[in-house]
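The next block holds one structure in the form of structure tokens; read it before the comments.
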Amino acid sequence: MADQKDRESGVGRVMLDMRSVSKRFPGTLAVDEVNFQVKTGEVHALMGENGAGKSTLMKMLAGLFSDYTGEILIDGEQVRLVSPTLAKQAGVAMIYQELSIAYNRTVQENVFAGRIPVKGKVVDKRALSEMTTEVLKLVKLDGKIDPATPMRSVSQHESQLIEIAKALKDDPKILVMDEPTSSLSTEEVETMFELIREVRAKGYAIVYISHHLQEVFDIADRVTVLRDGKLIDTCEVKDVTKEDLVEMMVGQKMSDFYKHVDKPVGDVTLEVEGLTHYGFVHDVSFKIHKGEILGLAGLAGAGRSELGRVIGGIDRMDAGVCRLNGKEIKTKDMCNMVKRGVAYLTENRKTEGLTLRLTARENIFSAIIPKLSSGLLYFPKRGEGILGELYEGLNIVPRDKNLTAANLSGGNQQKVLLAKWMATRPEVLILDEPTRGVDVGAKKLIHETIEKLAADGISVLLISSDLPEIVSLSDRIIVMKQGHLIGELTKKDGFDESKVLLAANGERSVFSVEY
Amino acid sequence: MSNINANAGVGGSFNPLRASNFSTIANRFGVFLMIGALLIVGAFASPQFFSTSNFLNILSAVSILGMVAAGVAFVIYCGKYGDMSVPMVMAISGVISVEFMRYGLVPAICGAVVTGALIGCINGVVIGKLKVNAIIWTLAMNFILEGLVRWSYQGQQIYPDMATEDTYQTGFLLPLMYKLDKNIMDIDLVSRAEAFNGLAQTYFFGHIPLMLVVMVCVMVACFFIMSRTQYGNQLKVVGSSYDVGNMSGIRATSVVMGAFMISSICASLAGVFITSINKVGAFYVGQGYDFQAVTAIILGGMSLAGGRGNIIGVFGGVFLMGLISNILTLFGVGTFTQKMISGAIFIVVVAVNARSLRKLGRDDA
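Residue numbers (the working numbering), protein chains in the order written: chain E, 10 to 524; chain S, 5 to 369.
Set out below in structure tokens:
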């Protein structure tokens, strides 16, 4: 209790002070001389695009790196956060996006995991239950949730609150929340905000990471923007507009809209109407033309990959119609979709894309085994021609096609994955994050290849979180938010990274066509 | 150390394949090296070791195992560890073949194989479509089938050459058939039974047993299916990584189903022959073949992780098992001790394999 008073008396005191901290990964400086301060009783938003260094900075604070440089001061005292335990002792509590829950255990066991009270050798159930009720009070869940309920039957929203309660029970000084609202509905977000405001009033220093611009204005007092590992600015939220923030995140590059060549529009190849995959994609309709690159933008969790997977025949289509060249097709079987010329390149290269234990050749052929067969017999020799072509076109190195895929670099693995789907000679190619985790050279080559494919008349649906990529490649961009298609940006009206980012955040004014 | 680091940089993660180059080589050729070593040992064991008749002995002794192993190899290639229902598939097929024997050899064998295919189909549907753990399911299937056979025949064994009228009272299928067609009795049962029992005693050129020829044919067919057909190559992808196979437009569930069907069909063929050798159809005839087959397959360089190895290696593994048992016999080691030794070999090969599984990051190792 004394502690709490102490904190209240010191509202506005600097609680966390990170002074020119840096963290180097092989090849990149993920965080570069960043200064970051959080005061007591404030919600401090931390923003930046993917790879800007937000999570690295926070991992540093959580004690996950032992080799950072710079100084970290907590409550005026210099600390060296080289292990998660030390960070916890120093008063840092993290609430991660992916919750750490044992679903088969009860609420109380989850809250006090590892520190369950015992009487002799037996669990002291009553003490556990009372202590849990005490903790749940912190997030106003006492009376609403029985501590003995299995975690499985607790809603996502309540689990999130329990996670916060778990963090608060250790009475931390600094609370870090990573996208706490990403899986919540609008009303639930409001309850969450109320809770955050209350916690703030108690004098905690809160770091709030979010991609949603609106939330920053709703909840945060100050905002810090990172870009390419560098600190861009820290300012009061009331002094900035959304456009300012976006500009800070994206940088003032290229105001020349990619308006250049106006490609003649071909016939419609793929048309989707009212596509629904319950819980992820709702009533989505769009068309792709021959030779067009259609960008699909949206924040994480907007349902982009899920949409791609449904069209690719991997996930079930609960409602809606899919037409290929005007003919209605059933999308429930990936095997048939591949045969018909619809290919889906997964975003999870290592688990769903390539079998790393097989050779590059076997990987590339894996989707066209039936095509290389006559009757039951398989003739891999028939694929040598196309294999050579792909190796040349994509410049996959080394040229040894019998090399195990695991021995290729990330960039070349991605090229092999692209080659695997190019080998199927698709009409519609759905690319889900085609350049995730690859080096610059491979990225450039993959971009050129995608443009070449479109020029050859293939329709490309490009799902990407990489703003420069989606802006520079796409002929048209459609935007998803919370499972719905909310609008379209056309090349005629021009689009740039800021526009796409605003659109993904639900800013409707930027759309050329609104749905 | 620097080598490992370099790999980590290139592959993006620790690369188990290059790091264990030695074990890859050992996996691929190890079985033939062991065979070579044992041939040398055998030379000391007995002067009769290097004789055609001894080698024919070894081979015919493992003919049954060879047929079973060739089939189970598909299940292991598919990354599903093993088919524990093999013993009862053999037993049931044997029983069915005895039942059908009175219609001739061809119907007997066909009946057995169809039964095997049916059981394999059930295994495949449950494991492929419902994603049930393969070992647990096939083990359960084995118990169910055992119960079924023992219940149907009231725990009795059935003998091909004892098909007199009173056997029509016991049994399961027979009374039914008897009711449908009283003419069954007119068939010359004695000659049919002799033909059936003679299966195991048929020799080509006076020395080469029919069983051995069938085993080699099964091996060749399996080799062909695994390496040269569309199915075999899809199986390789699915076996290496189920998710990737599924995401490559391969109907992974059907592929898994196929593997279990092949396994059961091969086991049922083996069941016919073992019944013919024993001259009795009973629930216990296939006992131990599940583990022996897995041992032989892994000895042959096929990995429990799936997608690695080939049938030639499996043949090597089977031959090696025969060789070990032959040499032990020549040294005068008893059957019980031999059993213990083969159990120890099983533990060692599985342990070595589990190590490489863990290296590959399979947590179910």
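Note that beta-carbon positions come from the ideal geometry of N, C-alpha and C, so glycine has one too.
Give me, in chain order, the residues of the same chain whose beta-carbon lies closer than 6 angstroms to that of residue i; leave out the 5 immediate sequence neighbours on both sides.
| i | result |
| --- | --- |
| Gly320/S | Val35, Phe36, Gly304 |
| Asp265/E | Residue placement at Asp265/E cannot be trusted, given a pLDDT of 42 that sits under 50; the coordinates are not used to answer. |
| His493/E | His291 |
| Gly83/S | Gly243, Gly310 |
| Asp276/E | Lys299 |
| Val259/E | Glu506, Ser507 |
Who are the Cβ neighbours of residue i in its own chain at under 7 angstroms, not counting the five residues just before and after it?
| i | result |
| --- | --- |
| Glu280/E | Lys296, Arg332 |
| Arg366/E | Thr413, Ala415 |
| Met263/E | For Met263/E, the pLDDT reaches just 45, beneath the cut-off of 50, and the residue's location in the model is therefore unreliable, although a value from the coordinates is still provided. The residues are Asp505. |
| Tyr85/S | Ala138, Ile139, Leu308 |
| Asn334/E | Thr278 |
| Gly329/E | Val281, Glu282, Gly283, Leu284, Thr285 |
Roughly how many angstroms separate the alpha carbons of residue i and residue j, rounded to a whole number?
| i | j | result |
| --- | --- | --- |
| Ser55/S | Met219/S | 21 angstroms |
| Ala432/E | Gly402/E | 12 angstroms |
| Pro443/E | Leu482/E | 12 angstroms |
| Val419/E | Ile320/E | The sequence as given places Gly at residue 419/E; Val does not occur at that position. So the two alpha carbons sit approximately 27 angstroms from each other. |
| Ile39/S | Phe264/S | 29 angstroms |
| Ile345/S | Gly317/E | 55 angstroms |
| Arg22/E | Leu284/E | 52 angstroms |
| Phe326/S | Gly70/S | The question names Phe, but residue 326/S in the sequence shown is Gly. Cα to Cα, Gly326/S sits roughly 10 angstroms from Gly70/S. |
| Val127/E | Ser164/E | 29 angstroms |
| Tyr267/E | Val519/E | Residue confidence is low: Tyr267/E scores 45 on pLDDT, short of 50, so the model does not pin down where it sits. No coordinate-derived value is stated. |
| Ile44/S | Phe53/S | 10 angstroms |
| Glu315/E | Thr355/E | 11 angstroms |
Drop a sphere of 10 angstroms on the beta-carbon of residue i, count the other beta-carbons inside from all chains shown, and report buried for 16 or more, exposed for fewer.
| i | result |
| --- | --- |
| Tyr353/E | buried |
| His269/E | Any answer about His269/E is weak, because its pLDDT of 47 lies below 50 and its placement is not dependable; what the coordinates show is given next. His269/E comes out exposed. |
| Phe34/E | exposed |
| Pro51/S | exposed |
| Ser75/E | exposed |
| Leu273/S | buried |
| Asn514/E | buried |
| Val248/S | buried |
| Gln238/S | buried |
| Tyr217/E | buried |
| Lys182/E | buried |
Residue j and residue i - do their beta-carbons sit closer together than 9 angstroms?
| i | j | result |
| --- | --- | --- |
| Ile487/E | Gly304/E | yes |
| Leu177/E | Val144/E | yes |
| Ser138/E | Ala122/E | no |
| Asp87/S | Ala358/S | no |
| Arg349/E | Gln423/E | no |
| Arg391/E | Leu381/E | yes |
| Thr360/E | Ser64/S | no |
| Glu516/E | Leu254/E | no |
| Leu324/S | Ala300/S | yes |
| Asp324/E | Arg255/S | no |
| Gly322/E | Thr340/E | yes |
| Ile281/S | Ile62/S | no |
| Ser29/E | Gly79/E | yes |
| Leu462/E | Leu426/E | no |
Measuring only between beta-carbons, confirm whether residue i sits less than 9 angstroms from chain C.
| i | result |
| --- | --- |
| Met251/S | Here chain C cannot be found, since the structure's protein chains are E and S. |
Could you pull out every residue in the same chain whose Cβ sits closer than 8 angstroms to the Cβ of residue i, ignoring the five residues on either side in sequence?
| i | result |
| --- | --- |
| Ile269/S | Gly75, Val117, Gly120, Ala121, Gly124 |
| Tyr400/E | Arg408, Lys410, Ala428 |
| Gly275/S | Val93, Met94, Ala95, Ile96, Ser97, Gly98, Ser101, Ala116, Gly120, Val289, Gly290 |
Going by DSSP, what residue range makes up the alpha helix (DSSP H) through residue i?
| i | result |
| --- | --- |
| Asn137/S | Taken as a continuous stretch (DSSP letters only), Asn137/S belongs to no alpha helix (DSSP H), as it is neither H nor E. |
| Ala274/S | 256-282 |
| Ser252/S | Element bounds for Ser252/S: n/a, residue is neither H nor E. |
| Thr142/E | 134-146 |
| Ala463/E | 449-464 |
| Glu361/E | Element bounds for Glu361/E: n/a, residue is neither H nor E. |
| Val224/S | 214-232 |
| Ile331/S | 315-334 |
I'd like the span of the beta strand (DSSP E) that includes residue i, first residue to last.
| i | result |
| --- | --- |
| Met346/E | Where Met346/E is concerned, there is no enclosing beta strand (DSSP E), although the alpha helix (DSSP H) it sits in stretches over 343-349. |
| Thr285/E | 277-286 |
| Phe295/E | 290-298 |
| Tyr553/E | Absent from the model: residue 553/E. The displayed extent of chain E is 10 to 524, so no value can be given. |
| His53/E | 51-56 |
Going by the C-beta, is residue i closer than 8 angstroms to any heavy atom of the ligand SAH?
| i | result |
| --- | --- |
| Gly83/S | The model depicted lacks the ligand SAH and carries no ligand whatsoever. |
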